[in-house]
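Everything below concerns the one structure shown next.
Protein chains: 2
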Amino acid sequence: MKLSKLVGERLKDAPAGVMSKSHSYLIRAGYIKQVSNGIYTLLPPAQKINLKLQEIIREEMDALGGQECLFPVVMPKELWELSGRYTSVGEELLRFKDRSDHDMVLGMTHEEAAVHAALGSLKSYDQLPFMIYQIQTKYRDEARPRAGLIRVKEFTMKDAYSFHENQADLEKYYKQVYDAYFRIFNRMGMKKVIAVHSDTGMMGGKVADEFQLLTDVGEDTIIVCPHCDTASNVDVATSLPEENDHIFGVKTEVFTGEAKTIDEVCSNLNKQPSQIAKAVCYAVVGDSVRVVIAFLRGDKEVNEAKLKALVGADIAIKDLADSGLVKGNIGCVDLNIEGAEIYYDKSLEGLESFVTGANKEGYHYIGVSMTRDVKPEKYVDISKVKEGEKCPVCGHELLVKRGIEIGNIFQLGTRYTKSMGLTVSMPDGTTINPVMGCYGIGVGRSLASIAEENCDEKGLVWPMSIAPWHIYLCPIRLDDEKVRAQAERLYKRLTAENFEVLYDDRVASAGIKLTDSELMGIPVRIVISPKTIENGNIEITIRSTGEKFFVTEENLSKKLDEIIVY
Amino acid sequence: MKLSKLVGERLKDAPAGVMSKSHSYLIRAGYIKQVSNGIYTLLPPAQKINLKLQEIIREEMDALGGQECLFPVVMPKELWELSGRYTSVGEELLRFKDRSDHDMVLGMTHEEAAVHAALGSLKSYDQLPFMIYQIQTKYRDEARPRAGLIRVKEFTMKDAYSFHENQADLEKYYKQVYDAYFRIFNRMGMKKVIAVHSDTGMMGGKVADEFQLLTDVGEDTIIVCPHCDTASNVDVATSLPEENDHIFGVKTEVFTGEAKTIDEVCSNLNKQPSQIAKAVCYAVVGDSVRVVIAFLRGDKEVNEAKLKALVGADIAIKDLADSGLVKGNIGCVDLNIEGAEIYYDKSLEGLESFVTGANKEGYHYIGVSMTRDVKPEKYVDISKVKEGEKCPVCGHELLVKRGIEIGNIFQLGTRYTKSMGLTVSMPDGTTINPVMGCYGIGVGRSLASIAEENCDEKGLVWPMSIAPWHIYLCPIRLDDEKVRAQAERLYKRLTAENFEVLYDDRVASAGIKLTDSELMGIPVRIVISPKTIENGNIEITIRSTGEKFFVTEENLSKKLDEIIVY
């Protein structure tokens, strides 16, 4: 490819508002171009990477026995109604009417389509297990796109669906996919990927893992144990309960006046946040009656994903104005609110002398006891794990990390096969619903994540395995006859030898050319100039290490063969 | 691949209403599955073909210097407003609102996106020419999907866009793409593809060619000259004017009573249809005022595409009830209808004694003269060319054929670069809008067209170059220990030797297995059975010719290497 004809602009600065390195460099180096909020065109170099990533994924999926299909982007409402997701999934599922007034959706995941593909042909247990997958454009009506290709509305995704006779067979296969995912991300050049236990979300099912690239710009919070390597998304992470002191006090109502927040109450009563039971109130989305009140220790925060899972519905912080609750004085004794669903976090267990609101303006109780005064039926885990809490597996101190979710895998159970009536007959004549797994990788997000992990202050540093081109052929002083002749000769020869070459055929300054080669992140740079010609050699620079080699034109291909391995 | 695990059903009969062979066989052999009207899942064998077709296209596009991009499926209204197509394209462009109430469209073509990709980076004439392309899912809100993958709502398409300094350079490149298209279709195994002149439609521009696979189930009508090979879509086809006799008559009003249709009037007045000038009336879609009346010889039919191009807007047959016209008695003399736009077909030229309506109930004129009584300003070509008319190039008799349009190419001019403000600066300091070409190939439709051309009464006959697998390994009597051992050994060995093998590992009758191998159309079948083992050989059958070879297990790979070439 000649750089003079390459579509895409190289920019000195990123547009305003660009925060992450991958976003900035992918725009600045001419890899992507925004068409609309969260919608991008992949320019030629990015599409080259996209295809290489797809090929790695395809090879590994095929090695797992996967059968590639192509499901529709646009699907009829009826298909999504079979699983119940037409109504259960929120606004991120784009719904519209076609010209015949039929309700349609834009696919963001394809469990229904996968089951539909198997319906009819799948009849007997001996056809199991099998896995079908696709690599395809998906659309998610994302409310807050961000960070370039990291969170977008439209993206290329690999999604796979496996079908099994029973849970044990699913678990065996799940482990194989789990291992394959690490091979995939490793081949793509991402080193800092970890698997973390995660929430099953809209997919349903019980077990799920996410593959997270650890990076400070990640939008997910991950709780990691550096000792035993247990890792979980904060939405499902647990920690060992912190011991409370179990010392009883005397329950007494005290006047606290304007003290409402945890800090104000602590200061007013000379207590620590860990000696307070605070309340957080929620409404259930789409239900004007249900009220949820979460009580937890004053130094803890509610993990809404955990609470939502217990409530079984979407929740939102409730406006207290019309609920009869006294803001800042809500407490877990003498709370008179009919029908409220009350959850007590496990952090409260063992607190026998704590502060809580007295449910009247200006007053709190001190010396409250959980076992004597509150007597909850049970404690649940609805708080966020924080750095320094203890690993539930080994007891060591947990760390909080940030990550980008580049893949996820789910054990789905029979949710879709049952609702859509997919059955197989067993040897004993009975019929069962196959057990399913599903397995996603965001291809565009992988691209951005690789960029995020592989860059420096000068620009991108693509891993050899997925670089758009391996070689940046960079002649300096192309107005010099000898340089031009050698450049054209080398471009022709290297291309004929199947090297992937980006030829900077611009008559431009050395500074511009060298800067662009670094910004674009091509792994190997070949510089020729009047000086190298005079010296009878060619300069090779490795982008990732800065290493330089000087070789004769004769030995060039041999040296490149040594360097370009992956 | 083991057939027992392959997703997709092989059926004895096609579903009701399936008319074309490709549609029937693709469903019956388990290649595609309908999800909704005009929306299909490509099952694994079809997706294998899809990828091979894409690879052929990609190689040929890259050989033309094409740069592969990926444009968005979902685009904002604003982008399509820049070209004016947000309003000018009809209902087949699916428009919807996203969750933020933004107007969006589902891409059916990407001229706007291609120009957008070049905006900013394209500055100077020396960056020209270049071509960008993508292979991607498109959506067209098709009113009448039909024939399986031949006319669908969602499809994979290759669309390419080239940019040039001037028309001459575009024409040179256009010819290169034209030639490449024949290479592509030839490599895909389609032999009966011809290029035909076509209408530019919603793309705009002046010159366009379609690539049509000639087949009786095609939905397009093509006019072909078997002598000079001129071929045109009927929408733009012309023929030499037929000579009328130029003999004058006496204009006379005659009572024709209930005679309204051409047949009735002919019979009533003892005339031929070619002695009548008939009227066809149209309304302009979206315009309650404009009325269009087309006059043409009674033996001709209106070609609405030609008329539409002259009118410059969509037209629809007009209900005459409220227009003041007398149905069945409309004529081209004494026609009093204010503001009607009247077009005279060239077939009327030279008619000097013909019949036409008298514009009053029950009466016609005879002996009417075009030059004396009608005096049209000009004649236009608004009639359909019919079989037997004369080729405008060489004068030989034209044939009418049916075809499936699998590709099309357009010379677009500056319509998009001008409206979207894409300019380059020229050596003399002026700026120009680059001239564009665009080039499409329907990948899914190609798949169906290949199937349509390559099948027999037993099923599909895939060309070697794009077959989902090359070899159908067909052991008969898999319950026989020796057969099973050899089958497993061959499957392992051939797969290891990189042959693409579909292994029929089912314990099923010879009849079922042989029938399925033929239905699925895999080019080479290997049969092993107790008998072949006894004879010490292996039976190879070529699907397309029925040729049989018998080889030893030792010589199998060598023979397969000879057979599997493309």
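Residue numbers (my numbering), protein chains in the order written: chain L, -18 to 547; chain S, -18 to 547. The beta carbon of each residue, even a glycine, is placed where N, CA and C say it ideally should be. As the structure is a computational prediction, the values presented were derived from the model and not from experiment.
- In this structure, G418(S) places its C-beta atom within 8 Å of the C-beta atom of Y155(S).
- Non-local beta-carbon contacts of S525(S) in its own chain, meaning distances under 6 Å to residues more than five positions away in sequence, involve V442 in chain order.
- Across the set K259(L), M445(L), V177(L), the C-alpha of K259(L) shows the shortest separation from the C-alpha of E245(L).
- Sixteen is the threshold: since fewer than 16 other Cβ atoms of the shown chains lie within 10 Å of the Cβ of F229(L), the residue is exposed.
- Against S102(S), the close residues of chain L are L(-13), V(-12), G(-11), E(-10), R(-9), G11, K14, L24, in the order they occur along the chain (beta-carbon pairs closer than 9 Å).
- Within chain S, V16, S17, I20, Y21, T22, E135 have C-beta atoms less than 8 Å from the C-beta of P53(L), given in sequence order.
- Within the stretch 298 to 378 of chain S, no run of alpha helix (DSSP H) reaches 4 residues while sitting entirely inside it.
- Under the three-state reduction of DSSP, V464(L) is assigned to helix.
- At least 8 Å separates the beta-carbon of M401(L) from that of L7(L).
- Ranked by Cα distance from V198(L), the options M351(L), R125(L), K2(L), I431(L) are led by K2(L).
- For the set P511(L), V416(L), E462(L), the Cα lying nearest the Cα of A99(L) is the one of V416(L).
- In the DSSP assignment, F163(L) falls within the unbroken alpha helix (DSSP H) covering 148 to 168.
- Cβ-Cβ separation between C247(L) and P254(L): approximately 6 Å, consistent with a contact (criterion under 8 Å).
- When secondary structure is reduced to three states using DSSP, M445(L) falls in the helix class.
- A direct Cα-to-Cα measurement between I116(L) and N389(L) gives close to 15 Å.
- The C-alpha of I318(S) is placed about 13 Å away from the C-alpha of A264(S).
- Under the DSSP assignment, L454(L) falls in the beta strand (DSSP E) whose first and last residues are 452 to 456.
- Chain-ordered, the chain L residues with CB closer than 8 Å to the CB of I113(S) read V(-12), P25.
- In the three-state reduction of the DSSP assignment, L45(S) falls in the coil class, being assigned neither a helical nor a strand state.
- Considered as a whole, the stretch 100 to 127 of chain S harbours 111 to 120 as its complete beta strand (DSSP E) runs of no fewer than 3 residues, in chain order.
- A Cβ of chain L is located within less than 8 Å of the beta carbon of E72(S).
- Membership of D497(L) in any beta strand (DSSP E) is not indicated; the residue belongs instead to the alpha helix (DSSP H) covering 491 to 501.
- Nearest in C-alpha terms to S81(L), of all of P25(S), E123(S), H83(S), is E123(S).
- For P26(S), the number of other beta carbons within 10 angstroms of its own is at least 16, and it is reported as buried.
- When E368(S), R168(S), E469(S) are compared, the shortest CA-CA separation from Y547(S) is found for R168(S).
- Taking C-beta separations shorter than 8 Å and ignoring five residues to either side along the sequence, the partners of I503(L) in its chain run W443, A448, P449, W450, H451, I452, Y453, L483, R524, following chain order.
- Here P504(L) carries a coil assignment [DSSP, helix/strand/coil].
- Only F77, D79, R80, A94, H97, A98, A99 from the stretch 77 to 100 of chain S bring a Cβ to less than 7 Å from some Cβ of chain L.
- Residue pairing by DSSP places L194(S) opposite V174(S), I385(S) in a beta bridge.
- Within chain L, the residues whose beta carbon sits less than 8 Å from that of E49(S) are P25, Q28, K29, L32, listed in sequence order.
- A124(S) reaches chain L at R80, S81, counting residues in chain order whose Cβ is nearer than 9 Å.
- The DSSP-derived three-state label of L380(L) is strand.
- For A240(S), no beta strand (DSSP E) run applies, since DSSP gives it neither H nor E.
- By DSSP's assignment, M407(L) forms no beta bridge with any residue.
- Look at G425(S) here: in three-state DSSP terms it is helix.
- Each of Y325(S), I243(S), L475(S), E333(S) was checked against the Cα of Y360(S), and the nearest Cα belongs to Y325(S).
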